[in-house]
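*Asks:* Numbering (this note's numbering), first residue to last: 1 to 294.
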Amino acid sequence: MDARVVVVGSLNADLAVPVAGLPPAGQTVAATGEVLRGPGGKGANQAVGLARLGRATAMVGAVGDDAEGRTMRAALAAEGVDDRHVATVDVPTGLAVVLVHGGESTIVVAAGANGTVDADRVRAARAALAGAAAVVTQCEVPDSAIAAAAELAGGLFVVNPAPARALPAAVLDRADLLVPNRGELATLAGAEEPRGTDAVADLARALRPSATTVVTCGAEGAVVVGPDRVVAVPAAPARLVDATAAGDSFVAALVDALVGGADVVEATGWAARAAAITVGRPGAIAALPRRAEL
Numbered sequence: 001m002d003a004r005v006v007v008v009g010s011l012n013a014d015l016a017v018p019v020a021g022l023p024p025a026g027q028t029v030a031a032t033g034e035v036l037r038g039p040g041g042k043g044a045n046q047a048v049g050l051a052r053l054g055r056a057t058a059m060v061g062a063v064g065d066d067a068e069g070r071t072m073r074a075a076l077a078a079e080g081v082d083d084r085h086v087a088t089v090d091v092p093t094g095l096a097v098v099l100v101h102g103g104e105s106t107i108v109v110a111a112g113a114n115g116t117v118d119a120d121r122v123r124a125a126r127a128a129l130a131g132a133a134a135v136v137t138q139c140e141v142p143d144s145a146i147a148a149a150a151e152l153a154g155g156l157f158v159v160n161p162a163p164a165r166a167l168p169a170a171v172l173d174r175a176d177l178l179v180p181n182r183g184e185l186a187t188l189a190g191a192e193e194p195r196g197t198d199a200v201a202d203l204a205r206a207l208r209p210s211a212t213t214v215v216t217c218g219a220e221g222a223v224v225v226g227p228d229r230v231v232a233v234p235a236a237p238a239r240l241v242d243a244t245a246a247g248d249s250f251v252a253a254l255v256d257a258l259v260g261g262a263d264v265v266e267a268t269g270w271a272a273r274a275a276a277i278t279v280g281r282p283g284a285i286a287a288l289p290r291r292a293e294l
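So, in structure tokens, the structure goes:
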């Protein structure tokens, strides 16, 4: 039977607008194509990504008692994600406005219901977290939820520190695997963004000298930094259409491979392939690959 993964994180209604470029202050730009509306949020993206790769996955989070919340639940159900620990609250479902320009994305998130995901809500899913092969979390929910996930995770504990902010030392110390991009790594370390494999490795080791960190570097691939090795893993060939969910796809595939018994370097290569497929499609959840595609 496939190993169970629990994702503690956000669920958002996404509104994605393609533009030629970002508007300067006080100006308006026209959309250059179809506006996409659909389910998203880093937590939901990663949960669906894992489910599409064949992992039994459960979600811990919150949605509003609104049409967007019902759409989120329907999307999770359609993908086979267990939503028993997704609460319905009297706060609107989170919203992400995504401007897609040149394949890259600039995103504004209104937390909404995600802001109610606190330690008590995570502790209500204690049994699921304790029995999971892996627990995955991100930074679109409050620190108290992340800290509770760190406390209760019975298996591999993976932190994707996005969007970047300083995290409690207890979370960084407990994380078996940290998966930031270069900018997020710099934020966590309070340093300039590193360039080049050596600089990435030095900063990752300064932050977590005894643990493993996988740093994503966009088209340059990823760097696996452990206590006794540094390995640069190249990006898979890709046609850039929309990078919105690339990081989430990468994290989902990385965790999928790790709970399947892969070495972290092998798992990073598998994750790079998943991300390459994702960036070639528009949207967030809609862009996530299934196992047969990899």
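Ideal placement from N, C-alpha and C gives every residue a C-beta, glycine not left out.
Rank Ala147, Gly131, Ala252, Val117 by C-alpha distance to the C-alpha of Val179 and give the top, closest one.
*Replies:* Ala252
*Asks:* With H, G and I counted as helix, E and B as strand and the rest as coil, what does DSSP make of Asn160?
*Replies:* If DSSP states are grouped into helix, strand and coil, Asn160 belongs with coil.
*Asks:* Are Ala51 and Ala113 touching if we call contact CB-CB under 9 Å?
*Replies:* no
*Asks:* Excluding five sequence neighbours on each side, which residues of the same chain lie with their C-beta closer than 7 Å to the C-beta of Ala204?
*Replies:* Leu185, Thr213, Val215, Val225
*Asks:* Pairing CB atoms from the segment 275-289 with CB atoms from the segment 244-262, are three or more of them under 8 Å?
*Replies:* yes
*Asks:* Give the secondary structure of Gly280 by DSSP, where H, G and I count as helix, E and B as strand, and everything else as coil.
*Replies:* coil
*Asks:* I need the boundaries of the alpha helix (DSSP H) containing Arg182, first residue and last residue.
*Replies:* 182-189
*Asks:* When the Cα of Gly260 is compared with those of Gly155, Ala149, Ala145, Val241, which residue comes out closest?
*Replies:* Gly155
*Asks:* For Val122 versus Val109, is the C-beta spacing smaller than 9 Å?
*Replies:* No.
*Asks:* Which residues share a DSSP beta bridge with Asn12?
*Replies:* Gly40, Gly94
*Asks:* Tell me whether Gly49 sits in a helix, a strand or coil according to DSSP, three-state version.
*Replies:* helix
*Asks:* Could you compute how far the alpha carbon of Pro39 sits from the alpha carbon of Ala236?
*Replies:* 26 Å
*Asks:* Return yes when the Cβ of Leu129 is within less than 9 Å of the Cβ of Val29, no when it is not.
*Replies:* no
*Asks:* Helix, strand or coil for Asp2, going by three-state DSSP, please let me know.
*Replies:* With a pLDDT of 47 at Asp2, under the threshold of 50, the predicted position of this residue should be treated as unreliable, though the coordinate-derived value follows. Residue state, collapsed to three classes: coil.
*Asks:* Figure out for me which residue from Leu207, Ala119, Ala199, Val159 has the closest Cα to the Cα of Leu188.
*Replies:* Leu207
*Asks:* Which residue spans inside the segment 208-270 form an unbroken beta strand (DSSP E) run of at least 3?
*Replies:* Restricted to the segment 208-270, the beta strand (DSSP E) segments that are unbroken, complete and at least 3 residues in length are 212-216, 222-226, 229-233, listed in chain order.
*Asks:* Specify, as a first and last residue, the run of the beta strand (DSSP E) that Thr28 falls within.
*Replies:* Premise fails: Thr28 is in no beta strand (DSSP E) and is neither H nor E.
*Asks:* Would Val168 and Ala147 qualify as a contact pair, given that the criterion is a beta-carbon distance under 9 Å?
*Replies:* Before going on, a small fix: residue 168 reads as Pro here, not Val. For Pro168 and Ala147, yes; Cβs fall inside 9 Å.
*Asks:* Using C-beta distances below 7 Å, list every residue in its chain close to Leu22, excluding the 5 sequence neighbours before and after it, in chain order.
*Replies:* Listed in chain order, the non-local C-beta contacts of Leu22 below 7 Å within the same chain comprise Leu99, His101, Thr106, local neighbours out to five positions each way being set aside.
*Asks:* Between the Cα of Ala272 and the Cα atoms of Pro227, Ile285, Val19, Ala219, which residue gives the shortest distance?
*Replies:* Ala219
*Asks:* Taking only three categories from DSSP, how would you classify Ala128?
*Replies:* In this structure, Ala128 counts as helix in the three-state DSSP scheme.
*Asks:* Kindly list the residues whose CB is nearer than 6 Å to the CB of Arg195, restricted to its own chain and excluding five residues on each side of it in sequence; keep chain order.
*Replies:* none
*Asks:* Applying the 10 Å Cβ sphere with the 16-neighbour rule, what's the burial state of Ala47?
*Replies:* buried
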